[in-house]
Amino acid sequence: MMIQTLRDRSSFHHWLHHRYSTPAGSGSSVDRKTKDVENYELLPKHEKALLSLTSMGYTVEEASAAVERCGPDASIGEITDFICAAQMAKTEAVFYEEEKPKKLFTSNGKLKRKKFHELEAHKRKKQKGPLTEEDEVIRLPNPMIGFGVPSGSTAITHRTLPDAAVGPPFFYYENVALAPKGVWDTISRFIYDVQPEFVDSQYFCATARKRGYVHNLPIKNRFPILPLPPRTIHDALPMTRRWWPEWDPRTKLNCLQTSYASSRLTDRIRKALEKWGESENVPEDVRKYVMYECRKWNLVWVGKNKVAPLEPDEVEMLLGFPRNHTRGGGISRTDRYKSLGNSFQVDTVAYHLSVLKDIFPNGINMLSLFSGIGGAEVALHRLGIPLKNVVSVELSEANRDIVRSWWEQTNQKGNLVHLADVQQLNPDKLEQLMRPFGGFDLVVGGSPCNNLAGSNRVSRDGLEGEQSALFYEFPRILDLVKCIMNGQNEN
DNA sequence: AACACCATGAGAAATCTT
DNA sequence: AAGATTTCTCATGGTGTT
Numbered sequence: 042m043m044i045q046t047l048r049d050r051s052s053f054h055h056w057l058h059h060r061y062s063t064p065a066g067s068g069s070s071v072d073r074k075t076k077d078v079e080n081y082e083l084l085p086k087h088e089k090a091l092l093s094l095t096s097m098g099y100t101v102e103e104a105s106a107a108v109e110r111c112g113p114d115a116s117i118g119e120i121t122d123f124i125c126a127a128q129m130a131k132t133e134a135v136f137y138e139e140e141k142p143k144k145l146f147t148s149n150g151k152l153k154r155k156k157f158h159e160l161e162a163h164k165r166k167k168q169k170g171p172l173t174e175e176d177e178v179i180r181l182p183n184p185m186i187g188f189g190v191p192s193g194s195t196a197i198t199h200r201t202l203p204d205a206a207v208g209p210p211f212f213y214y215e216n217v218a219l220a221p222k223g224v225w226d227t228i229s230r231f232i233y234d235v236q237p238e239f240v241d242s243q244y245f246c247a248t249a250r251k252r253g254y255v256h257n258l259p260i261k262n263r264f265p266i267l268p269l270p271p272r273t274i275h276d277a278l279p280m281t282r283r284w285w286p287e288w289d290p291r292t293k294l295n296c297l298q299t300s301y302a303s304s305r306l307t308d309r310i311r312k313a314l315e316k317w318g319e320s321e322n323v324p325e326d327v328r329k330y331v332m333y334e335c336r337k338w339n340l341v342w343v344g345k346n347k348v349a350p351l352e353p354d355e356v357e358m359l360l361g362f363p364r365n366h367t368r369g370g371g372i373s374r375t376d377r378y379k380s381l382g383n384s385f386q387v388d389t390v391a392y393h394l395s396v397l398k399d400i401f402p403n404g405i406n407m408l409s410l411f412s413g414i415g416g417a418e419v420a421l422h423r424l425g426i427p428l429k430n431v432v433s434v435e436l437s438e439a440n441r442d443i444v445r446s447w448w449e450q451t452n453q454k455g456n457l458v459h460l461a462d463v464q465q466l467n468p469d470k471l472e473q474l475m476r477p478f479g480g481f482d483l484v485v486g487g488s489p490c491n492n493l494a495g496s497n498r499v500s501r502d503g504l505e506g507e508q509s510a511l512f513y514e515f516p517r518i519l520d521l522v523k524c525i526m527n528g529q530n531e532n
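The first sequence begins at 42 in the numbering used here and counts up one residue at a time.
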């Protein structure tokens, strides 16, 4: 009966309409969320919180950022804890300190490209009036530490989830933090209005990775996997230390991406440096040029005057994967870079998932959407959480091969089922998959970022872009899982 | 202003297939 | 050897936050 209901609403567009809201310009569409918020806004709790915080001596910036992150239901104590944690992390983090360059080595401005993520832009049509829901855009926290990171002395340990978000199952969704405006609002709205936790992996390892995570996991008593990964470039890549010029102040790498610097570029850099002899003789403007390219392309020093992009091995290690995880078995070098660049940072994700260890001492059943090279699987394994049944959905055959190889190499006792296309996962199929073990304890997924990522110069179209629109599969399937599990419980 | 950003696509080169 | 396919090389801005 429940399944029948699901089948009725399984038409994607019908379902989309059910949940989608276009706040601006479409007064006709009545939306559940819009209504709720309008009522709620009648009592602006966060305004009150802001007032008391500023009266306590915090700056408006600190206070508003903290209130935004902690949510309107947070107590003043929780909010001040957050501000405290933020201040601590700020003083700890000393990155990229340097004199400001006078010249930019970018190419000249060109003709304006066509309209950018028109839909999102349309949503925030200027309504300069009092704070309405449409202006309530999710903002990124600074520092980007989410509810807390391992080295932070204080962390937020409590939050109030919307009723609809409370598990089972637990869910964990991930995507790039720096998405076009409005994207995270939409993502949050589609996943039971859970506020994203934005975290930069530079607080976990030697490389930055700014991501948003929407999840309903407990946030108390998190712990990192051991051993802790190297936290600086020098510790992660000790061979580079010898060649690192004193005027390169980097201690952390920038985000690891899917494309890498050309040999021509590193050649140009070598030639630019060679004529000056020792590195201390390199003039200021050349240093600026070299540093600009090094930051842009994550180059490291591998010899005298020689910079190089990271090897796949090194990317693997920085992201927390076992050595050779993506190596061999028929994957090309290019695809290896691509698969790694699109992956989780294992230590970061594991920290968030660590709370599951006490809840599921005998192991978990997991649905993994957009699995990629299995970041979530690796994280759980490293945490010592047994994997009982894993249904992994991943389009790329090369990636599926990687996960399957890892599964066999690590002598998993559980059962791994691989599927290719999330769009093919209908209620019947899902019900059939879940029947042997009752249901999923955890649903994980990081949907395609192609049309959200800042590096995309061609088709950064937002959530409606060709690949990134697959995001909607996550809440669709999560809903299905939830319904099927409730249906089974009723029987 | 400075800076960072899970990328894409055209064309060349290498490799595989017939 | 010719054609088909895969892999590699390289250049290509703009948005949003600080």
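For glycine and all other residues, C-beta sits at the position ideal for the given N, C-alpha and C.
Note that the coordinates shown come from a computational prediction; the quantities given were computed from them, not determined experimentally.
Kindly list the residues whose CB is nearer than 7 Å to the CB of residue i, restricted to its own chain and excluding five residues on each side of it in sequence; keep chain order.
i	result
phenylalanine 367	Looking at the sequence itself, residue 367 is threonine, so the reference to phenylalanine does not match. Contacts found: Pro353, Glu357, Arg377, Ser380, Leu381, Ile414 and Ile443.
asparagine 497	Asn491
arginine 441	Glu435 and His459
serine 384	Leu360, Gly413, Ile414 and Gly416
phenylalanine 512	Ile228, Ser488 and Leu504
alanine 249	Asp241, Ser242, Gln243, Lys293, Leu294, Asn295 and Cys296
asparagine 365	none
leucine 219	Lys251 and Gly495
According to DSSP, residue i sits in a beta bridge with which residue or residues?
i	result
serine 433	Ser409 and His459
glutamate 215	Tyr254 and Gly487
isoleucine 186	Val240
threonine 248	Leu294
alanine 349	Val341
leucine 428	Ile405
So, residue i versus residue j, is the Cβ gap smaller than 8 Å?
i	j	result
alanine 417	valine 485	yes
arginine 272	cysteine 246	yes
lysine 293	histidine 199	no
arginine 328	tryptophan 288	yes
asparagine 257	glycine 208	yes
glycine 371	serine 446	no
arginine 263	valine 396	yes
valine 240	isoleucine 197	no
proline 210	glycine 480	yes
isoleucine 310	arginine 291	no
alanine 302	tyrosine 330	no
methionine 546	aspartate 482	It is not possible to answer for residue 546, since the shown part of the chain is limited to 42 through 532.
glutamate 514	glutamine 473	no
My assumption, with CB atoms under 8 Å, is that residue i sits in contact with residue j. Please give the rounded CB distance.
i	j	result
glutamine 386	leucine 428	In fact, because the Cβ distance is near 20 Å, the residues do not count as touching under 8 Å.
tyrosine 509	proline 489	It should be noted that the sequence gives serine, not tyrosine, for residue 509. Right, the Cβ-Cβ distance comes to about 5 Å (below 8 Å), so this counts as a contact.
threonine 307	valine 348	5 Å
methionine 475	isoleucine 405	In fact, because the Cβ distance is near 13 Å, the residues do not count as touching under 8 Å.
tyrosine 544	isoleucine 232	Beyond the ends of the chain as shown, which are 42 and 532, falls residue 544; an answer cannot be given.
histidine 422	threonine 451	6 Å
Apart from the five residues just before and just after residue i, which ones in its own chain have a Cβ nearer than 8 Å to its Cβ?
i	result
leucine 83	At leucine 83 the pLDDT is 40, less than 50, meaning the model places this residue with poor confidence; the figure from the coordinates comes in the next sentence. Hits under 8 Å: none found.
aspartate 594	No answer is possible for residue 594: it lies beyond the span of the chain, which begins at 42 and ends at 532.
proline 363	Glu357, Val419 and Trp447
proline 324	Trp317
Return the chain-ordered list of same chain residues with a C-beta closer than 6 Å to the C-beta of residue i, the five sequence neighbours on each side being excluded.
i	result
phenylalanine 411	Gly486, Gly487 and Ser488
glutamate 315	Asn346
alanine 494	Val217
leucine 519	Phe212 and Val484
arginine 73	Residue confidence for arginine 73 is low, a pLDDT of 30 falling below 50, so the modelled location carries little weight; the figure read from the coordinates is stated next. If we look at arginine 73 and ignore the five residues flanking it on each side, it has no Cβ neighbours.
**OP:** Specify whether the stretch 340–355 and the stretch 277–297 touch according to this definition: at least 3 beta carbon pairs, one from each stretch, less than 8 Å apart.
**Re:** Taking one beta carbon from each stretch, the stretch 340–355 and the stretch 277–297 have 3 or more pairs nearer than 8 Å; the two touch.
**OP:** Spell out a yes or no on whether the stretch 500–510 and the stretch 448–463 are touching, meaning 3 or more CB-CB pairs, one atom from each, closer than 8 Å.
**Re:** no
Original post:
Using 8 Å as the threshold, is the stretch 189–197 in touch with the stretch 222–238, meaning 3 or more CB pairs across them?
Top reply: Too few Cβ pairs lie closer than 8 Å, so no.
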